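To start, the structure under review is shown below, and the notes come after it.
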Amino acid sequence: MPFSFVYKVLKPVSEVLTGIELPCEATLGRRFRIDHFGGIVISGDAVFGDDCVIRNGVTVGLKNTGHRGAPILGNRVDIGAGAKILGPIRIGDDVLVGANAVVITDVPSNCIAVGVPARVLPRRTASTVVSEELVYAKSARERGVHAGQF
3 MPFSFVYKVL
13 KPVSEVLTGI
23 ELPCEATLGR
33 RFRIDHFGGI
43 VISGDAVFGD
53 DCVIRNGVTV
63 GLKNTGHRGA
73 PILGNRVDIG
83 AGAKILGPIR
93 IGDDVLVGAN
103 AVVITDVPSN
113 CIAVGVPARV
123 LPRRTASTVV
133 SEELVYAKSA
143 RERGVHAGQF
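The letter at position 9 of the sequence shown is residue 11 when you use the numbering used here, and the numbering goes up by one with no holes.
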């Protein structure tokens with residue numbers, strides 16, 4: 003009983019001082035990190051995996067008041083400044099959420115979510131970038147364009 007009273011008194015004080023609304027009911031994975039605090043709102047029902055990073059202005063929570071269901075985020079999710087992740091959705095592992103994106107649908111692993119509403123794009127790996135550059139260089143060479151001209 004006394005601890006709940008202390009929590010109820012200190013929680014609003016900490017929210018005012020830090021600008022972070024993070025209730026004790028939220029589930030956070032290991033090495034959860036907040037970069038650039040301020041304006042962060044996290045629902046008590048939200049679940050974060052390991053190594054997640056969030057930035058200022060992020061909201062992770064309910065889509066509508068009165069409806070239960072908060073997001074479940076996988077491991078190594080990186081959420082850009084001002085992003086909103088809303089509703090009973092799942093975010094897979096190794097996902098990047100762009101700044102100011104509004105995510106209201108599931109995002110599979112190894113993807114990027116950008117825009118309003120968020121579009122889900124496959125994440126480009128270093129090997130695909132190199133192979134695309136090689137294809138482009140080869141087609142340029144076939145057209146007679148020298149390196150440095152394309």
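For glycine and all other residues, C-beta sits at the position ideal for the given N, C-alpha and C.
All values derive from a computational prediction rather than experimental measurement.
Practice problem: Apply the 10 Å Cβ neighbour rule to F7 and answer buried if 16 or more other Cβ atoms are within range, or exposed otherwise. | Solution: Numbered from 1 along the sequence shown, position 5 holds the residue referred to as residue 7. Under this definition F7 is an exposed residue.
Exercise. Would you kindly check if the distance between the Cβ of I106 and the Cβ of A120 is under 9 Å?
Key: Position 118 of the sequence shown, counting from 1, holds the residue named residue 120. Position 104 of the sequence shown, counting from 1, holds the residue named residue 106. Contact flag set, yes.
Quiz item: Taking E23 as the reference, which of F34, G46, V11 and I91 has the closest Cα?
Solution: Taking the sequence shown and counting its residues from 1, one reaches residue 23 at position 21. Out of F34, G46, V11 and I91, G46 has the C-alpha closest to the C-alpha of E23.
Quiz item: In chain order, what residues of the same chain have a beta carbon less than 7 Å from the beta carbon of G63, not counting five sequence neighbours either side?
Solution: Your numbering for residue 63 matches position 61 in the sequence shown. Hits under 7 Å: V43, I44, S45, A48, A72 and L88.
Quiz item: When DSSP labels each residue in this structure, what does V97 get in the three-state scheme?
Solution: Taking the first residue of the sequence shown as position 1, residue 97 is located at position 95. Looking at V97 - three-state DSSP - the assignment turns out to be coil, as it is neither helix nor strand.
Exercise. Less than 8 Å between the CB atoms is what I'm expecting for V118 and V104, so what's the real figure, rounded?
Key: Along the sequence shown, one-based indexing puts residue 118 at 116. Along the sequence shown, one-based indexing puts residue 104 at 102. Their Cβ separation, rounded to whole angstroms, is 5 Å, which keeps V118 and V104 in contact under 8 Å.
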